[in-house]
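Going by the UniProt record's numbering, the residue at position 270 of the sequence shown is 270; the numbering climbs one at a time, nothing skipped.
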Amino acid sequence: MIKIGITCYPSVGGSGVIATELGKLLAKKGNEIHFITSSLPFRLNGVDSNIYFHEVEVNHYPVFQYPPYDLALASKMAEVIDREKLDILHVHYAMPHAICAILARDMAEHDVKIVTTLHGTDITVLGIDKSLTKMIKHGIDQSDAVTAVSHSLVDQTKEMLGVEREIDVVHNFIDNNEYFYRENSNLRKQYGIKDDEKVLIHISNFRKVKRVSDVIYAFSEIALNIPAKLLLVGDGPEYSEMYRLVKQLNIEEKVLFLGRQMNVADLLSISDLKLLLSEKESFGLVLLEAMACGVPCIGTNVGGIPEVIEDGETGFITELGDVKNVVKKAMELLTDQELWTAFSSKSIEQAYQRFNAEKILSEYEHIYDSTLKSG
Ligand code: GMT
């Protein structure tokens, strides 16, 4: 049994999902898990005697111009390391979590190892603010072990930060008990989807990098050729702009803005095709969720997306911004039932084989073991 502290962004987002699901799996195997986060991770919705939650509270003293969240987190980490005698502190994101963990390790009396998982946005941020380069690199260099969610992210991290240390690739995974195909013709009816209509789906946090407009442009072309509906799931800064675009293209009747949804597997189960046309994506957990529900995907040749979608087997890879090709590939799949069924079965097979939770869990366990043995 090992004692592991986990820090992640607890709100909706793939990194929070992965961190929480990993903690739950580790707890099930008898390890003691301590979540140290600003609020209860949204996937931490059950009771497990091996899971503890330590909330980071930030005092709002009038003398501080900005609330010192990062320092409060480091302080809480040090407190939990000492009190609970943590063996490992597994932080998701170098910035700020690895930096906070390093400070906490310096402050704590009990010896702890830091494992940092990179999810990509550190690197995206870097593209915008080069003044943070040194700090992100420090977080990576001073961690005892570093993992990244794709080979592409490792290459990008090394290239952009000049990092030389070893970074292990541990792909993301899905909870097999949650993501699977379930028959749900009733839900189709509730959404007013006709029997002959194909359903396309996009799920994201509607940030600019997700290029939701490309999804909408592609859909508007597809819907000219076949009866179809588009489900837009999630919320974020581009949401209102996308409403305007849908109105402008005169396809309001065919596009359903569903906002944030909890039971995504139900929505995936009524979908025929998933589109993720991002300009930055270190992995694309939503692709894996779709695949597990038997939904083929079309994604851009960006970041880790080609590590998840096998081009011509479980979906198609298209160049960024090549909306015409997205339409062509989508039509190919949606009008050929035999091809669609082959892609759908292969998607389920790969989701369970390559990105199986038990397999990925053992990869993390191996990293914990060798980090602890490294002295
Ligand atoms: O994509 C986002 O904006 C959210 C971000 C997050 O913190 O969840 O996603 C990143 O981590 C996910 C889990 O590893 C990956 O599946 C996403 O591809 C990655 N997003 C980006 O690289 C833009």
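The beta carbon of each residue, even a glycine, is placed where N, CA and C say it ideally should be.
Owing to the predicted nature of the structure, the values given are computational and were not obtained by experimental measurement.
- Boundaries around G139 are those of the alpha helix (DSSP H), T133 to D141, since no beta strand (DSSP E) includes it.
- Runs of beta strand (DSSP E) with 3 or more residues, each lying fully within the stretch 71–126, are found at 88–92 and 113–118, listed in chain order.
- Annotation: M77 to N31 spans about 18 Å, alpha carbon to alpha carbon.
- Taking I167 as the centre and dropping the five residues before and after it, the same chain places the C-beta of L118, I140, V146, T147, A148, V154, T157 and K158 closer than 8 Å to its C-beta, in chain order.
- Residue state for F64 is assigned as coil, using DSSP reduced to three classes.
- The Cβ-Cβ distance between H54 and K85 does not fall below 7 Å.
- DSSP, reduced to helix, strand and coil, places Y368 within a helical segment of the structure shown.
- A distance below 8 Å between beta-carbons, with the five flanking residues on each side excluded, links V209 to the following residues of its chain, in chain order: T124, S278, E279, K280 and E281.
- For a cut-off of 8 Å, the C-beta gap from G299 to L287 is around 6 Å, short enough to register as a contact.
- Within the model, the alpha-carbon separation for K3 versus D87 is close to 5 Å.
- Cβ-Cβ distances below 8 Å link L339 to E332 and L333 in the same chain, with the five nearest sequence neighbours on each side left out; the list follows chain order.
- Bounds of the alpha helix (DSSP H) holding Y217 are V212 to N225.
- Between K274 and V246 the beta-carbon gap is near 18 Å, outside 8 Å, which marks them as no contact.
- T314 is bridged by DSSP to nothing; it lacks a bridge partner.
- Our two residues, E363 and E319, have alpha carbons roughly 32 Å apart in a direct line.
- Using a Cβ distance threshold of 7 Å, A330 and C293 do not count as a contacting pair.
- By the neighbour-count criterion, in which a residue is buried when 16 or more other Cβ atoms sit within 10 angstroms of its Cβ, S344 is buried.
- Every beta strand (DSSP E) of 3 residues or more that sits fully in the stretch 266–342 is shown, in chain order, as 273–276, 297–300 and 315–318.
- A distance below 6 Å between beta-carbons, with the five flanking residues on each side excluded, links R182 to the following residues of its chain, in chain order: S269.
- By the criterion of at least three beta-carbon pairs nearer than 8 Å, the stretch 347–367 is not in contact with the stretch 91–106.
- I251 is positioned such that its CB atom lies closer than 7 Å to that of S220.
- Under the DSSP assignment, K158 falls in the alpha helix (DSSP H) whose first and last residues are H151 to L161.
- If you check the C-beta of V125 against the ligand GMT, you find no heavy atom less than 6 Å away.
- Counting only residues of its own chain and dropping the five nearest sequence neighbours on each side, N325 has a CB closer than 6 Å to the CB of T318.
- In the DSSP assignment, G259 falls within the unbroken beta strand (DSSP E) covering V255 to G259.
- Going by C-alpha positions, D122 is about 9 Å away from L132.
- When beta bridges are read from the DSSP output, F35 appears opposite I6 and F53.
- Residue range S185 to Q190 is occupied by the alpha helix (DSSP H) that includes K189.
- The residue from N356, G375, S370 and K373 with its alpha-carbon nearest to that of L25 is N356.
- A check of alpha carbon separations from E164 across D175, S75, S143 and K189 identifies S143 as the nearest.
- Exposure of R83 is indicated by the presence of fewer than 16 other C-beta atoms within 10 angstroms of its C-beta.
- For E281, the distance from the CB to the nearest heavy atom of the ligand GMT is below 6 Å.
- By alpha-carbon distance to L40, the top candidate from T7, D70 and P67 is T7.
- With a contact defined as Cβ atoms closer than 8 Å, I81 and V112 qualify at about 5 Å.
- One alpha carbon belongs to I136, the other to A342, and they sit about 43 Å apart.
- The closest CA to that of N225, considering only N59, T335 and R244, is found on T335.
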